[in-house]
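J.:
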Amino acid sequence: FFEYLRDGFDVLYREGEKTPKMMSIGLHCRLSGRPGRITALERFLDYVSNHDRVWITRRIDLARHWIQKHPASGSNT
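The opening residue of the sequence shown carries number 24 in this note's numbering; numbering runs sequentially from there.
(1) How do the segment 61-70 and the segment 85-94 stand: do at least 3 beta-carbon pairs fall below 8 Å, yes or no?
(2) My output table needs one value for ALA86: the three-state DSSP class, helix, strand or coil.
(3) With DSSP as the reference, label GLU40 as helix, strand or coil.
(4) Grab me the residues of GLY31's own chain with a C-beta within less than 8 Å of its C-beta, minus the 5 sequence neighbours each way, in chain order.
(5) In angstroms with no decimal places, state the Cα-to-Cα distance between ARG76 and ILE61.
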């Protein structure tokens, strides 16, 4: 699982040198709650945290950022 996440991140990180990229990881309790999976996720977060230009965030924070930076036309917000 770690290698899968890392490999996907590495591709997006390289592609992100020219245009921003986003990686979303779906986590389901039945799968990610297993000891091997949570350990892989911890390793992955450590790996990603050592890279510049990476934002680890929640969906709500991403939505708020998008609304602030890209308001709908005609919007008063």
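Ideal placement from N, C-alpha and C gives every residue a C-beta, glycine not left out.
T.: Once the coordinates are examined:
(1) no
(2) helix
(3) coil
(4) Within the same chain, GLY31 has close Cβ partners MET46.
(5) 24 Å
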